[in-house]
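A.B. asks: Numbering (the working numbering), first residue to last: 11 to 177.
So this is what it looks like as structure tokens:
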């Protein structure tokens, strides 16, 4: 028989491990109206990110139709982190978004970087870093939206992967 006199707090043991939320089975498409529409959402639970916590996101999608612009936005807690606008004359554009959020020594101070890559011409679209002051001690919704300028076009998010390092 083994007796443990000092039980181990597993939350401390696993604190520095990545948590992964992957959603590849359910692509979300938007067409038919001009309203900004949430295509994917994930709630980062309160207290998940410590003072140096990190969230990494990879999103893939496709834009179809060449009648009007198609706009995608990545948001955390309502703050726009990155925007991609696909020109009206571009159809069947496959794109990927890579983004990272770092808590900067406090649960309510973040630095973001985001990078869009598109397949049509092999061009890369770099976003500048964004600062935010969201309280990650509270639940925060991570969303990606799509908005059309013409109801005949389509914007679609194929999948996304979210990695969380809670340190």
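Every residue gets a Cβ at the ideal spot worked out from N, C-alpha and C, and that includes glycine. Since the model is a prediction, treat every value here as computed from it, not as a measurement.
For residue 51, which residues does DSSP report across the bridge?
C.D. replies: Bridge partners of residue 51: 153.
A.B. asks: Just to confirm the assignment, what range does the beta strand (DSSP E) spanning residue 121 have?
C.D. replies: That run of the beta strand (DSSP E) goes 120-128.
A.B. asks: What does residue 73 pair with, by DSSP beta-bridge criteria?
C.D. replies: According to DSSP, which records beta bridges pairwise, residue 73 is partnered with 103, 165.
A.B. asks: Compute the distance between the beta-carbons of residue 152 and residue 51, then report whether it is under 9 angstroms.
C.D. replies: It is a contact, given that the beta carbons lie within the stated cut-off.
A.B. asks: Is it true that the CB of residue 143 sits closer than 9 angstroms to the CB of residue 123?
C.D. replies: No.
A.B. asks: Secondary structure at residue 173, three-state DSSP: helix, strand or coil?
C.D. replies: Residue 173 falls in the strand class under three-state DSSP.
A.B. asks: According to DSSP, is residue 89 helix, strand or coil?
C.D. replies: Residue 89 falls in the strand class under three-state DSSP.
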